[in-house]
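J.:
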Amino acid sequence: MGPFGAVRGLPRLDRTQVMGVVNVTPDSFSDGGRWFDPDAAIGHGLALLAEGADVIDVGGESTRPGAERPDTAEELRRVLPVVRALAATGAVVSVDTMRAEVAAEAVAAGARLVNDVSGGLAEVEMLATVADLGVAYVCMHWRGHADVMQDRTVYADVVTDVLRELQDRIERARSAGVQPDQLVVDAGFGFAKTGEHNWELLRRLEELEVLGVPQLVGVSRKRFLGSLLAGPDGRPRAPDERDDATTALTTLLAWRGVWGVRVHSVRASRDAVAVVQQLQDRPSG
Ligand code: PMM
């Protein structure tokens with residue numbers, strides 16, 4: 020993989036980008052509502068920036084299997100103050116939303132990247148909105164909202180099926196006017212995928228390179244890591260105790276040259292990226 024592709028409006032780095040997660044939600048699986056209060060969320064974003072985050076991803080909707088959706092007004096209420104405050108520091112801020120209106124308002128508040136886990140499927144207006152906004156766009160592989168996604172895990176071959184579906188999303192984005200340098204793709208780990216699907220995608224991630232688009236990987240604290248690390252009683256390891264495994268994956272992904280990783284524990288992943296960079300003779304940055 021690599022070289023590390025240029026994405027519109029974002030600094031070009033000679034290494035894997037580290038995106039830090041700020042979930043302004045009452046019910047995310049990974050951090051259980053700790054940053055639901057806007058001031059707490061802003062403080063957490065600043066802490067992640069101090070740890071070396073290249074991008075802060077602010078989301079107001081939990082995508083946990085079975086989660087209920089907030090309405091648009093509530094989602095705006097959650098994310099806008101956080102996006103505004105973090106963008107005002109000069110940080111690169113991403114908004115994690117499936118709604119065109121939230122994307123547009125967040126960009127007006129200073130966001131430079133729209134992270135749409137539905138890849139344009141949740142709202143038809145999203146792709147044209149992103150084309151108009153002219154900002155970077157993460158197009159993720161997705162097969163339905165949280166209430167149904169775990170019923171949609173049938174693949175003939177998960178890698179070739181995800182590849183084909185992502186190709187279709189990219190073509191739709193391009194037809195709506197999204198330019199090639201706006202695009203980042205994401206295989207959507209844990210979204211309509213079993214644990215074995217996630218591992219197979221990770222083993223064969225290079226196959227998605229034919230898309231010719233920088234790739235973001237979001238595996239941090241996900242359930243398949245909890246299952247891998249289950250205790251003798253068979254119970255999955257708790258989400259906040261999955262960071263070491265997450266960092267192991269960051270190391271491997273950085274070694275393979277992925278464009279970016281989306282993680283909760285930023286410092287550990289930044290350190291892993293620095294180690295890889297040093298070993299690959301690309302010190303600095
Ligand atoms: N995962 C979650 C939310 N947003 N966005 C992208 N691009 N990729 C992901 O894998 C992804 C995402 C769900 O996890 P969280 O509770 O850690 O936010």
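Residue numbers (my numbering): 20 to 304.
Even glycine gets a Cβ: it sits at the ideal position worked out from N, Cα and C.
I'd like to check one pair, Ala155 with Arg27: are the Cβ atoms closer than 7 Å?
T.: It is a contact, given that the beta carbons lie within the stated cut-off.
J.: Roughly how many whole angstroms lie between the Cα atoms of Ala293 and Gln36?
T.: Between Ala293 and Gln36, the C-alpha separation is close to 11 Å.
J.: Any chance the region 243-259 sits against the region 212-226, with 3 or more Cβ pairs inside 8 Å?
T.: Touching, yes, given that three or more Cβ pairs across the two stretches are closer than 8 Å.
J.: For Val136 versus Val77, is the C-beta spacing smaller than 7 Å?
T.: Contact: no.
J.: Which ranges would you report for the alpha helix (DSSP H) in the region 157-192 if only whole runs of at least 4 residues count?
T.: The qualifying runs do not exist here; there are none.
J.: Give a yes or no on whether the C-beta atoms belonging to Pro255 and Ala249 are separated by under 7 Å.
T.: Going by C-beta atoms, Pro255 is nearer than 7 Å to Ala249.
J.: Specify whether the region 265-276 and the region 198-205 touch according to this definition: at least 3 beta carbon pairs, one from each stretch, less than 8 Å apart.
T.: In short, these stretches do not touch, since the Cβ pair count stays below three.
J.: Measuring from the CB of Asp262, is there a heavy atom of the ligand PMM at a distance below 6 Å?
T.: The answer is no for Asp262.
J.: Any heavy atom of the ligand PMM closer than 6 Å to the CB of Thr82?
T.: Correct: Thr82 has its Cβ closer than 6 Å to the ligand PMM.
J.: To the nearest angstrom, report how far apart Ala267 and Glu93 are at their CA atoms.
T.: Each residue's alpha carbon lies about 36 Å from the other.
J.: Please state whether DSSP places Ser11 in a helix, a strand or coil.
T.: This structure cannot speak to residue 11, because the chain is shown only from 20 to 304.
J.: Would Leu230 and Ala195 qualify as a contact pair, given that the criterion is a beta-carbon distance under 7 Å?
T.: Going by C-beta atoms, Leu230 is not nearer than 7 Å to Ala195.
J.: Would you identify the three-state DSSP class for Asp76, choosing helix, strand or coil?
T.: Asp76: strand per DSSP, three-state reduction.
J.: Just how far apart, CA to CA, sit Asp46 and Ala59?
T.: Distance between the alpha carbons of Asp46 and Ala59: 15 Å.
J.: Taking Gly39 and Val285 to be in contact with their CB atoms under 8 Å, please state how far apart those CB atoms are, rounded to whole angstroms.
T.: Going by Cβ atoms, the distance from Gly39 to Val285 rounds to 4 Å, so yes, they are a contact pair.
J.: If you run the structure through DSSP and keep just helix, strand and coil, what is Ala130?
T.: Correct three-state label for Ala130: coil.
J.: Note down the Cα distance separating Leu182 from Ile61, rounded to an integer number of angstroms.
T.: Between Leu182 and Ile61, the C-alpha separation is close to 36 Å.
J.: What separation, rounded to the nearest whole angstrom, lies between the Cα atoms of Ala86 and Arg301?
T.: Each residue's alpha carbon lies about 42 Å from the other.
J.: Are there 16 or more other CB atoms within 10 angstroms of the CB of Asp33, so buried, or fewer, so exposed?
T.: The residue in question, Asp33, is exposed, as its Cβ has fewer than 16 Cβ neighbours within 10 Å.
J.: What's the gap between the Cα of Met20 and the Cα of Pro100?
T.: Note that Met20 scores 48 on pLDDT, short of 50, meaning its location in the model is unreliable and no value can be drawn from it.
J.: Identify whether Arg34 lies in helix, strand or coil by the three-state DSSP scheme.
T.: DSSP places Arg34 in coil when its eight states are reduced to three.
J.: Which residue marks the beginning of the beta strand (DSSP E) containing Arg103, and which one marks its end?
T.: Counting along the chain, Arg103 falls outside any beta strand (DSSP E), though it belongs to the alpha helix (DSSP H) covering 91-106.
J.: Taking Arg188 as the reference, which of Leu29, Ala141, Glu70, Ala127 has the closest Cα?
T.: For Arg188, the nearest C-alpha among the options comes from Ala141.
J.: Looking at Phe23 and the ligand PMM, is the gap between the Cβ and the nearest heavy atom below 6 Å?
T.: Not so, every heavy atom of the ligand PMM lies at least 6 Å from the Cβ.
J.: Quick check: the Cα distance between Asp90 and Ala104, rounded to an integer number of angstroms?
T.: Going from the Cα of Asp90 to the Cα of Ala104 covers about 22 Å.
J.: What is the DSSP secondary structure of Arg242, reduced to helix, strand or coil?
T.: In the structure shown, Arg242 sits in a helix (DSSP, three-state: H, G or I).
J.: I think Arg223 touches Val178, with their Cβ atoms under 8 Å apart; what is that distance to the nearest whole Å?
T.: Rounded, the Cβ-Cβ distance is 5 Å, consistent with contact.
J.: If we ignore side chains and look at the alpha-carbon of each, how far apart do Val74 and Ala107 end up?
T.: Their Cα atoms are separated by approximately 13 Å.
J.: Could you give the first and the last residue of the continuous alpha helix (DSSP H) run that contains Val149?
T.: Start and end: 144-152.
J.: List the whole-angstrom C-beta distance separating Leu152 from Val121, where the pair is believed to meet the contact cut-off of C-beta under 8 Å.
T.: Wrong, their Cβ atoms sit about 12 Å apart, outside the cutoff.
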